[in-house]
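Residue numbers (the numbering used here): 11 to 135. Glycine included, every Cβ here is placed at the ideal spot set by N, Cα and C.
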């Protein structure tokens, strides 16, 4: 039972971090297009527009850097799944915009605040 409660709590924290990350992006001028886009083989936490650029965002939350930063947990395999999902999403569009893959690192801050580190063009592709 403790494991199930822990999984539920982790999922809840992750969902909260994603919602707050979306607000963070909006505060910086991005327009949210879609959240939690899923397809066979992959998923994207947030899809947003930064002017003419379509931005695919992976949100990673960690309580500490004990096992590395949140961004370091986005492995090559995870990047490939996100890219696959992005390609699937792009097939639904009439025109192909410029694209970028970002990572938002999320960590607990003071009180119930979350601190963000926004890594633009995190995949370097």
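DSSP beta-bridge partners of residue i
i: residue 26; result: Its beta-bridge partners do not exist; DSSP assigns none.
i: residue 108; result: 63
i: residue 127; result: 115
i: residue 45; result: 56
C-alpha gap between residue i and residue j, whole angstroms
i: residue 80; j: residue 38; result: 21 Å
i: residue 93; j: residue 123; result: 30 Å
i: residue 28; j: residue 102; result: 24 Å
i: residue 26; j: residue 50; result: 24 Å
Sub-9 Å separation of residue i and residue j beta-carbons
i: residue 110; j: residue 87; result: no
i: residue 112; j: residue 132; result: yes
i: residue 60; j: residue 69; result: no
i: residue 65; j: residue 35; result: yes
i: residue 118; j: residue 62; result: no
i: residue 52; j: residue 98; result: yes
i: residue 116; j: residue 72; result: yes
Residue i - DSSP class collapsed to helix/strand/coil
i: residue 91; result: helix
i: residue 72; result: coil
i: residue 14; result: With a pLDDT of 37 at residue 14, under the threshold of 50, the predicted position of this residue should be treated as unreliable, though the coordinate-derived value follows. Three-state DSSP puts residue 14 in a helix.
i: residue 101; result: coil
i: residue 78; result: strand
i: residue 38; result: coil
i: residue 83; result: helix
i: residue 32; result: helix
i: residue 132; result: coil
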